[in-house]
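Everything below concerns the one structure shown next.
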Amino acid sequence: MTNIRNIVILTGAGVSAESGIDTFRTAGGLWERYKPEDVATPEAFARDPDLVLAFYDMRRAAIREKQPNLAHEALARLDAEWPGELLIVTQNVDDLHERAGARRVLHMHGQHHTAWCTACDSRPAWSGPLIHRPPCPECGEAALRPDVVWFGEMPYRMEEIAAALHEADLFVSIGTSGAVYPAAGFVRNARELGAATLELNLEPSQGSRWFDEARHGPASEIVPAWVDEMLALA
Ligand code: APR
15 MTNIRNIVIL
25 TGAGVSAESG
35 IDTFRTAGGL
45 WERYKPEDVA
55 TPEAFARDPD
65 LVLAFYDMRR
75 AAIREKQPNL
85 AHEALARLDA
95 EWPGELLIVT
105 QNVDDLHERA
115 GARRVLHMHG
125 QHHTAWCTAC
135 DSRPAWSGPL
145 IHRPPCPECG
155 EAALRPDVVW
165 FGEMPYRMEE
175 IAAALHEADL
185 FVSIGTSGAV
195 YPAAGFVRNA
205 RELGAATLEL
215 NLEPSQGSRW
225 FDEARHGPAS
235 EIVPAWVDEM
245 LALA
């Protein structure tokens with residue numbers, strides 16, 4: 015990994031698991047307790063907005079008292095010290111990458127700490143519940159929804175992600191099951207574009223076979239070790 019300049023890192027729920035934030039598909043994960051079609055689709059929101067708003071209010075509140083773990087902190091250090099291009103594309107809607115100090119973070123599935131006004135299309139910072147239909151700070155309409163990409167909706171900033179993958183010399187996937195597209199396809203895009211590919215995950219993901227190298231273990235251990243290796247090369 016000596017001729018690495020530009021790095022794209024994809025993170026999933028596994029990077030926040032040791033901070034106490036639920037994953038989706040591992041044992042006890044969110045999708046074992048809730049059906050995505052009941053709480054994470056536009057149809058669900060149209061059918062039962064209170065259920066959807068309560069689900070995201072619960073997740074937003076749960077995340078508020080969680081802290082970044084050693085994996086978030088290591089990635090923030092890499093972001094601060096890596097001399098080349100670096101982009102952390104996260105599927106997570108928590109702000110633990112940012113709270114650990116990372117700056118080059120792109121939330122492709124949206125984020126809990128903004129809301130989205132379906133009346134004026136603004137995305138105000140938001141920390142409280144939405145269940146009581148608070149007025150939008152911009153337009154005053156009671157039309158705020160979670161700023162989270164639901165199944166069937168387009169992830170955010172896909173052009174920026176495609177451009178970063180085009181320039182990447184190394185693509186690293188951390189803490190994701192490789193179950194959901196388009197994120198699960200990024201490794202193949204990166205390979206086709208000539209990048210080296212590395213998976214850091216608790217166990218082999220559904221896309222493990224596409225990676226040149228895979229290291230398995232808790233993110234709080236294998237991510238700091240990998241960051242130390244990279245910074246020794248910088
Ligand atoms: N360290 C590293 N990896 C871990 C850890 C850990 N401590 N704990 C769990 N993992 C791994 C699991 O092995 C699994 O492969 O993290 C992955 C979590 O997978 P999912 O729960 O499917 O989460 P994710 O891949 O982020 O889901 C993608 O699906 O529901 C949608 O929008 C939602 O962004 C989410 C997307």
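If you're matching positions, the sequence shown starts at 15 in my numbering and goes up one per residue. Glycine included, C-beta positions come from ideal geometry on N, C-alpha and C.
From this set, R74, F200 and A182, which residue's C-alpha is nearest T190's C-alpha? Measuring from the Cα of T190, the nearest candidate turns out to be F200.
Per-residue burial, D161 [other beta carbons within 10 Å of its own, 16 or more giving buried]: With 16 or more other Cβ atoms inside 10 Å of its own Cβ, D161 counts as buried.
Look up F200 in the DSSP assignment and say whether it is helix, strand or coil. Look at F200 here: in three-state DSSP terms it is helix.
Check whether the Cβ atoms of P56 and G166 sit closer than 8 Å, and answer yes or no. Yes, the pair counts as a contact, with Cβ atoms nearer than the cut-off.
Separation of W240 from A248, as counted between CA atoms: Each residue's Cα considered, the two are about 13 Å apart.
With a threshold of 16 other CB atoms inside 10 Å of the CB of M244, please say whether the residue is buried or exposed. Its Cβ being crowded by 16 or more others within 10 Å, M244 is buried.
For the region 59-94, list the alpha helix (DSSP H) runs that are entirely contained and at least 4 residues long, ordered along the chain. As far as the region 59-94 is concerned, its whole alpha helix (DSSP H) runs of at least 4 residues are 63-78.
Less than 8 Å between the beta carbons of H86 and L110, yes or no? Their beta carbons are under 8 Å apart, which means H86 touches L110 by this criterion.
The alpha helix (DSSP H) spanning R113 covers which residue range? The continuous alpha helix (DSSP H) containing R113 extends over residues L110 to R113.
Could you tell me if P149 is buried or exposed, where buried requires 16 or more neighbouring beta carbons within 10 angstroms of its beta carbon? Exposed.
Report the rounded CA-to-CA distance for A157 versus M72, giving the unit in angstroms. Those two C-alpha atoms are separated by around 19 Å.
Where DSSP assigns a beta bridge to A133, which residues make up the other side? Beta-bridge pairing links A133 to no other residue.
Within 10 angstroms of the Cβ of Q105, are there 16 or more other Cβ atoms? Answer buried if so, exposed if not. With 16 or more Cβ atoms within 10 Å of its Cβ, Q105 is classed as buried.
List the residues that DSSP assigns as beta-bridge partners of V107. None, per the DSSP bridge assignment.
Compute the distance between the beta-carbons of I175 and L214, then report whether it is under 8 Å. Here I175 is not near L214, since their CB atoms are 8 Å or more apart.
Go ahead and label D108 buried or exposed: buried means 16 or more other beta carbons lie within 10 angstroms of its beta carbon, across all protein chains shown. Counting Cβ neighbours within 10 Å, D108 comes out buried, since at least 16 surround it.
Strand pairing of L212, partner residues [DSSP]: DSSP lists V186 and E227 as the bridge partner or partners of L212.
Quick check on this structure: which residue in E217, G154 and S222 has the alpha carbon closest to the alpha carbon of A133? Of the listed residues, the one whose Cα sits closest to A133 is G154.
Three-state secondary structure (DSSP) of G6: Any property of residue 6 remains undetermined from this structure, which presents the chain solely from 15 to 248.
According to the neighbour-count rule (16 or more other Cβ atoms, all chains shown, within 10 Å of its Cβ), is A178 buried or exposed? In the assembly as shown, A178 is a buried residue. Its beta-carbon has 16 or more other beta-carbons within 10 Å.
Alpha carbon to alpha carbon, how far is A246 from P169? Give it in angstroms, no decimals. Roughly 34 Å separates the two Cα atoms.
Nearest-angstrom Cα separation, counted from D36 out to E273: A query on residue 273 cannot be resolved here, the shown segment of the chain reaching from 15 to 248 and no further.
Have a look at I145, S30, Q81 and W96 and flag the residue whose alpha-carbon is nearest the alpha-carbon of R117. Of the candidates I145, S30, Q81 and W96, the one whose C-alpha sits nearest the C-alpha of R117 is W96.
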